[in-house]
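Quick note, the sequences are listed as chains A and B, same order. If you read the first sequence in my numbering, its first letter stands for residue 58, the second for the next number, and so on. If you read the second sequence in my numbering, its first letter stands for residue 83, the second for the next number, and so on. Beta carbons are placed, not taken as given, at the ideal position from N, Cα and C, and that holds for glycine. If you're wondering where the values come from, they're calculated on a predicted model, not measured in any experiment. Each remark here refers to the structure printed beneath this line.
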Amino acid sequence: MMAGIDWQPLWLTLRLAALTTCLLVLIGIPLAYRIAFSASRLKPVMETLVSMPLVLPPSVLGFYLLLAFSPQHAFGQWLEQYLHLKLVFSFAGILVGSVIFSLPFMVQPVQAGLQNLPPSLLEASRSLGKSDLTSLFRVLLPNCKPALLTGVVLSFAHTVGEFGVVLMIGGNIPGVTKVASIAIYDEVESLNYAAAHVYAGVLFVLSFAILLSVYFMNRRARTVWVQP
Amino acid sequence: MIQMSLRQTLASASGPVELDVEIAIAEQAFVTLFGPSGAGKTTILRMLAGLTKPAQGRIVVAGQVWFDHQARHWLPPQQRSVGMVFQDYALFPNMSVAENIAYALNPLHAAQLPRLLEVNGLSALRDRLPASLSGGQKQRVALARALARVISSEPRLLLLDEPLSALDTELRAQLQDELLRLHREFGLTTILVSHDIGEVFKMSQQVFVLEQGKILHSGSPAKVFLQQQVPGKLQLQAQVLAIRKEDVVFILTLLVGQDIVEIIASDDEVATLHVGDPIAISVKAFSPLIFA
Chain A
58 MMAGIDWQPL WLTLRLAALT TCLLVLIGIP LAYRIAFSAS RLKPVMETLV SMPLVLPPSV
118 LGFYLLLAFS PQHAFGQWLE QYLHLKLVFS FAGILVGSVI FSLPFMVQPV QAGLQNLPPS
178 LLEASRSLGK SDLTSLFRVL LPNCKPALLT GVVLSFAHTV GEFGVVLMIG GNIPGVTKVA
238 SIAIYDEVES LNYAAAHVYA GVLFVLSFAI LLSVYFMNRR ARTVWVQP
Chain B
83 MIQMSLRQTL ASASGPVELD VEIAIAEQAF VTLFGPSGAG KTTILRMLAG LTKPAQGRIV
143 VAGQVWFDHQ ARHWLPPQQR SVGMVFQDYA LFPNMSVAEN IAYALNPLHA AQLPRLLEVN
203 GLSALRDRLP ASLSGGQKQR VALARALARV ISSEPRLLLL DEPLSALDTE LRAQLQDELL
263 RLHREFGLTT ILVSHDIGEV FKMSQQVFVL EQGKILHSGS PAKVFLQQQV PGKLQLQAQV
323 LAIRKEDVVF ILTLLVGQDI VEIIASDDEV ATLHVGDPIA ISVKAFSPLI FA
């Protein structure tokens, strides 16, 4: 029965989740730092924008991104003309969509982790002559490892579980945008339950294993912390 | 030489307090800022370290302008060579004792690490993480780290924000001695925030008494706390612990140093006293009985 299964959607899902997580580490950590230590009056606005994907139906986000990326609109036109980038119905497009969609899952834990550190740590590091960048990498981030781990894993797991945004802007192109969650929908539509079972089972086990390992690791990190 | 003139509105539990102080400190002096909580002691240290920006004023250290409101000049904390010991020590939990100290050392002076560990009695603890240290040990690491920051600079300015307040009396006395030793050994200019009169007396050559953001008195602790010097008398600095009436007199229970004593006082002497008040008591100093 396994012989007839097309593994490509699963590989595509893993590739999308891994790349999304990498991009989110690069974008989310500086953003979390900015929001955590911002004294600006615009801080609530920044926090709201980052959190919007949590409450918006994925189809709403997907619909707006589809319009924005579409060559019929100014932004899509500009992308295609100057960057030769076509984001509609392409892997790059669902990658951008995933990054935006999973942004709060990276930013929120890291922001909370940074804010929970005693303010004197950053002050001490500054007073010891270190730049904010050095302070971030040598003092702040190493002291909120559980938060970083949570952010990375939730971003990965959330991208694996994505459906609506990918469907709206990526469609269902095998090998390009047909990720596992869409493949399941596709197989069920064509009453191919066996294949749907395989994809669904793999995603279920994968998500369970990822989350379980995070909770185990965070528990260990906390035990080490309080040990005298 | 440090000259500060600072103004800032502070938020306190009892409403806004206007901080308005002028402070001049000589090089290599040991100075204390004394006063009740919320008087602005910590804020003054933070302004000197560059962690809080005064609304108005000027800070000049050894001829270098660190802050000048009128010239809109503000030297960031990174560029002020100040060794600060925070009240909660602010040790970096991810780094060992040696790493905490090395973090503060200029790479050109990395060779000073063993000496800093040695003089602070930390050589045996060098690879321990802060979470596994006792309060007194943490205090020593924080002090060693602050020293590491200023060891390569001139003047060597050390700021201590009530670093001993969380420790028990015995350990406290021991660390006070160590602090004085380091102060002399490294030629430091030290500013200590304290609300312990005994500590102020023991440690400092000059004290600034702050209340509600203003300096009430300044000078040597003896001059400030024992306001009049009476020849031929023994003067003791004491804190009122209890006042009780017995028959026609009042009994005052006092804390003198680490000893508790009781003396008799009259109605009018007690009238203005409250529990917790610092007082000076004076007795005739001739013909005491001396026991060895």
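Under 9 Å by beta carbon: chain B residues contacting residue i
| i | result |
| --- | --- |
| Gly186(A) | Pro159, Gln160, Gln161, Arg162, Ser163, Ala186, Asn188 and Arg231 |
Within chain A, the residues that residue i reaches when beta carbons sit closer than 7 Å
| i | result |
| --- | --- |
| Leu262(B) | Per Cβ cutoff of 7 Å: no residues; Leu262(B) is ~23 Å from chain A at best. |
Listed by chain order, chain B residues near residue i by CB distance under 7 Å
| i | result |
| --- | --- |
| Leu41(A) | This structure cannot speak to residue 41(A), because chain A is shown only from 58 to 285. |
Contact set for residue i: own chain, Cβ-Cβ below 7 Å, skip 5 residues either direction
| i | result |
| --- | --- |
| Lys41(B) | Any property of residue 41(B) remains undetermined from this structure, which presents chain B solely from 83 to 374. |
| Arg254(B) | Leu246 |
| Glu328(B) | none |
| Ala180(B) | Leu195, Leu199, Arg208 and Asp209 |
| Leu198(A) | Leu205 |
| Lys123(B) | Leu115, Gly117, Val275 and Leu292 |
| Glu252(B) | none |
| Asn229(A) | Lys235, Ile239 and Asp243 |
| Leu262(B) | Met285 |
| Val352(B) | Ile325 and Phe332 |
| Pro303(B) | Val282, Phe283, Ser286 and Val289 |
Close beta carbons around residue i, own chain, < 6 Å, minus the five adjacent residues each side
| i | result |
| --- | --- |
| Leu199(B) | Ser205 and Arg208 |
| Gly170(A) | Cys201 and Ala204 |
| Val255(A) | Ile62 |
| Leu69(A) | Val236 |
| Thr272(B) | Phe112, Leu240 and His265 |
Nonlocal neighbours in the same chain, by C-beta distance under 8 Å from residue i, ignoring five residues either side
| i | result |
| --- | --- |
| Phe145(A) | Correcting the residue identity first, residue 145(A) is Val in this sequence and not Phe. Here the set comprises Leu123, Phe126, Ser127, Pro128, Gly133 and Ile226. |
| Gln284(A) | Its pLDDT being 36, under 50, Gln284(A) is placed unreliably by the model, and the measurement read from it follows with that caveat. Cβ neighbours of Gln284(A) beyond the five flanking positions: none. |
| Phe213(A) | Ala74, Ala75, Thr77, Thr78 and Ile267 |
| Leu190(B) | Ser234 |
| Gln317(B) | Leu308, Gln311, Ala362, Ile363 and Ser364 |
| His151(B) | Pro136, Ala137, Gln138, Gly139 and Arg140 |
| Ala153(B) | Val147 |
Cβ pair residue i, residue j closer than 8 Å
| i | j | result |
| --- | --- | --- |
| Ile325(B) | Val357(B) | yes |
| Gly269(B) | Arg222(B) | no |
| Phe116(B) | Val282(B) | yes |
| Leu336(B) | Ala320(B) | yes |
| Ala121(B) | Glu293(B) | yes |
| Leu225(B) | Asn202(B) | yes |
| Leu34(B) | Leu274(B) | This structure gives no information on residue 34(B), because the portion of chain B shown stretches from 83 to 374. |
| Phe158(A) | Val222(A) | yes |
| Gln85(B) | Ala106(B) | yes |
| Val103(B) | Leu88(B) | yes |
| Ile271(A) | Val210(A) | The amino acid occupying residue 271(A) in the given sequence is Val; Ile does not appear at that position. Yes; because the gap between Cβ atoms is below 8 Å, this pair is in contact. |
| Ser192(A) | Leu174(A) | no |
| Pro161(A) | Pro114(A) | no |
| Ile86(A) | Glu104(A) | no |
| Val306(B) | Leu355(B) | no |
| Val153(A) | Ile84(A) | no |
Cβ-heavy atom distance, residue i to the ligand ADP, below 7 Å
| i | result |
| --- | --- |
| Tyr185(B) | In the structure on display, the ligand ADP does not appear, and there are no ligands present to speak of. |
Chain E contact for residue i (CB, 8 Å cutoff)
| i | result |
| --- | --- |
| Ala253(A) | Within the model displayed, chain E is absent; protein chains A and B are what it includes. |
Exercise for the section: Give, in chain order, every residue of the segment 160-184 of chain B whose Cβ lies closer than 9 Å to some Cβ of chain A. Expected result: When CB distances to chain A are screened at a threshold of 9 Å, the residues of the segment 160-184 of chain B falling below it are Gln160, Gln161, Arg162, Ser163, Val164, Gly165, Met166, Phe168, Gln169, Asp170, Tyr171, Ala172, Leu173, Phe174, Pro175, Asn176 and Met177, in chain order.
Exercise for the section: Could you please tell me which residues of the segment 120-150 of chain B, in chain order, have their CB closer than 9 Å to any CB of chain A? Expected result: Listed in sequence order: Arg128, Ala131, Gly132 and Leu133.
Exercise for the section: Check distances from the C-beta atoms of the segment 196-221 of chain A to those of chain B and list, in chain order, the residues that come in under 7 Å. Expected result: Under the 7 Å Cβ criterion, the segment 196-221 of chain A contributes Val196, Pro199 and Asn200.
Practice task
Would you be able to state if there are at least three C-beta pairs under 8 Å between the segment 158-173 of chain A and the segment 202-217 of chain A?
Solution key: Three or more beta-carbon pairs separated by less than 8 Å link the segment 202-217 of chain A to the segment 158-173 of chain A, which places the two stretches in contact.
Practice task
Could you please tell me which residues of the segment 92-107 of chain A, in chain order, have their CB closer than 8 Å to any CB of chain B?
Solution key: So the list is empty, because no residue satisfies the distance condition.
Practice task
Kindly confirm or deny that the segment 124-142 of chain B and the segment 160-170 of chain B touch, where touching means at least three C-beta pairs closer than 8 Å.
Solution key: Verdict: yes, contact present.
Practice task
Report the residues of the segment 153-182 of chain A with a CB closer than 7 Å to any CB of chain B, ordered along the chain.
Solution key: Answer in chain order: Pro175, Ser177, Leu178, Glu180 and Ala181.
Practice task
Determine, using beta-carbon pairs with one atom in the segment 190-199 of chain B and one in the segment 215-230 of chain B, whether at least three such pairs fall under 8 Å.
Solution key: Contact between the segment 190-199 of chain B and the segment 215-230 of chain B is present, because at least three Cβ pairs lie under 8 Å.
Handout entry: Stretch pair the segment 104-118 of chain B + the segment 267-287 of chain B: three plus CB contacts closer than 8 Å
Key = A contact exists between the segment 104-118 of chain B and the segment 267-287 of chain B.
Problem - the segment 213-222 of chain A in contact with the segment 247-265 of chain A per 3-pair CB rule at 8 Å - result: Under the 8 Å Cβ criterion, the segment 213-222 of chain A counts as touching the segment 247-265 of chain A, having at least three qualifying pairs.
Exercise for the section: Spell out a yes or no on whether the segment 153-162 of chain B and the segment 178-188 of chain A are touching, meaning 3 or more CB-CB pairs, one atom from each, closer than 8 Å. Expected result: They touch, by the three-pair rule.
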